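In my numbering, the protein residues as written are 46 to 510.
Each residue gets a CB set at the ideal place from its N, CA and C atoms; glycine is no exception.
Quick caveat, the model's predicted, so the values are computed rather than measured.
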């Protein structure tokens, strides 16, 4: 009957209702939990929902709150916020600019490398784009950079936090991919499942992330060589700045934060520390750097602590909402519907993966990374992984795919973040034009990863051995 058909499509109605309300602007966590419980009540009254799934929610939420891997989130947020609020990031940019001065596109290269380090330590796209926009854009424009190139470089660099480890985005995605991989093996009747760790995803993302940074750098250098008026370089150091002062500036302002990020990432990849332990080292290291540079004060510590509390609370609240959403979705049999839909696509795992990537790309226009990670990936992940897709490769592809979505006009989040801090003399169309070459670079990397998955899977297998 028509009533039964409507009840069968309740899980899809749940999903799209949540998406529509999020587009309107309702709070993410409250929308996912409230709408899910409303649909659960409707489904229970119609006999289409198994209420036992509701009783599982408290245990699942408790599991999130005591999850050791997720303890890395507030620590990484604290580390990145401390580097920003204590002006260490600003000092890093100035000294990196001195180091690359004289090279074609030297300022642009400095911005890309500083953005990479800042993105790796925060992983929050909005925070990185706004910080770089405030710190670097006035300098780039005053140095004669074409506004479109300057804005494109800043927008693209700000999204590197999606793919450069050790970032919060990879911590969260790694946790979800790990759970999806175990679920796919249990569904296949494997009751001693293999595990994929967050460290594995870090290792898998490292080579693609560095290739992306290299691609950005080559593009800026090529523009500086072929069209010098778009990216002029200053080949002469300031008269007051001798080589000794330059060396001191680099040693004091450049090497310490670089060493900190490399120490955090290296300890994870080498297996010396878990992501949570490495994040605590990073947080303490950031405090120590601020203290040594005499930029640590009670005000700075208070601002960093409040920022950490706000961001962490937001992430955990979304986690709770996503847990309720996924439990209700499974109670409706939504997983089986997704599996049937993806299995019905001709071409098997390849076309199913392409369809999911396209869907996630479009969702990236309206939903944030955290929302997609906890709302969509747990639903499609087990199905794709059950088709034989490598979990690390899938995680890296999703991260780069979302990064590309955040850059794509006219809806990309990165564009809106930068628009909020650019001067009125820079038009929105210039920002849009500026990001197009960087989008092409990212699409090329996605194609390269699709053709050569070992770019993402080689390092984890090497480190694991």
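For the putative contact between residue 463 and residue 196, defined by C-beta atoms under 8 Å, what is the C-beta separation to the nearest angstrom?
6 Å
Quick one: Cα of residue 460 to Cα of residue 199, how far?
10 Å
| Closest by CA to residue 508, which one among 387, 94, 312, 278? | 312
If you reduce the DSSP assignment to three classes, tell me which class residue 464 lands in.
helix
Three Cβ pairs or more, each shorter than 8 Å: is that satisfied between the segment 237–250 and the segment 214–226?
yes
Item checked: Local Cβ density within 10 Å of residue 202, reported as buried at 16 or more and exposed below that -> buried
**Report entry** Backbone CA spacing between residue 381 and residue 374 [nearest angstrom]
**Finding:** 10 Å
- prompt: By the 10 Å Cβ neighbour count, where 16 or more other Cβ atoms means buried, how is residue 324 classified, buried or exposed?
  reply: buried
TODO: Quick one: measure Cβ to Cβ for residue 221 and residue 482, integer angstroms, because I've assumed they're closer than 8 Å.
DONE: Incorrect: roughly 31 Å between the Cβ atoms, too far for contact.
Within 9 Å, strictly: CB atoms of residue 246 and residue 440 = yes
Review point. In three-state terms, what does DSSP make of residue 282?
Key: Confidence in residue 282 is poor, its pLDDT being 42 and thus under 50, which makes the residue's placement too unreliable to answer from.
query: Among the residues of its own chain, which have a CB less than 6 Å from the CB of residue 416, if the five just before and after it don't count?
result: 73
What do you get for residue 259, buried or exposed, if any count of 16 or more other CB atoms within 10 angstroms of its CB means buried?
exposed
If you measure from the CB of residue 235, is any heavy atom of the ligand GTP nearer than 8 Å?
Among the components modelled here there is no ligand, and therefore nothing to report on the ligand GTP.
* Asked: Going by the beta-carbon positions, is the gap between residue 207 and residue 414 smaller than 9 Å?
  -> yes
**Request:** Report the rounded CA-to-CA distance for residue 333 versus residue 148, giving the unit in angstroms.
**Result:** 33 Å
- Got a sec? Which residues, its chain only, sit under 8 Å from residue 232 by beta carbon, not counting five neighbours each side? 427, 431
Leaving out five residues before and five after residue 365 in sequence, what residues of the same chain have Cβ atoms less than 8 Å from its Cβ?
74, 78, 106, 109
Review point. Among 192, 470, 142, which residue has its Cα nearest to the Cα of residue 292?
Key: 142
*Taking C-beta to C-beta, are residue 448 and residue 204 nearer than 9 Å?*
yes
TODO: Just tell me which of 309, 248, 296 has its CA closest to the CA of residue 140.
DONE: 296
Does the pairing of the segment 151–159 with the segment 263–271 give three or more beta-carbon distances under 8 Å? yes
ask   = Which whole-angstrom value describes the C-beta separation of residue 367 and residue 419, a residue pair presumed to lie in contact below a C-beta threshold of 8 Å?
value = 3 Å
Next item on the list: Could you tell me which of 61, 95, 93, 429 sits nearest to residue 80, measuring between CA atoms?
Entry: 61
* Asked: Taking the alpha-carbon positions, what's the residue 452 to residue 408 distance?
  -> 13 Å
### Task
Could you check the C-alpha separation between residue 219 and residue 250 for me, to the nearest Å?
11 Å
Pair within 9 Å by beta-carbon distance, residue 129 and residue 184: no
Whole angstroms is fine: what's the gap from residue 116's alpha carbon to residue 213's? 11 Å
Q.
Among the candidates 138, 450, 67, 476, whose CA atom is the shortest distance from the CA of residue 303?
A. 138
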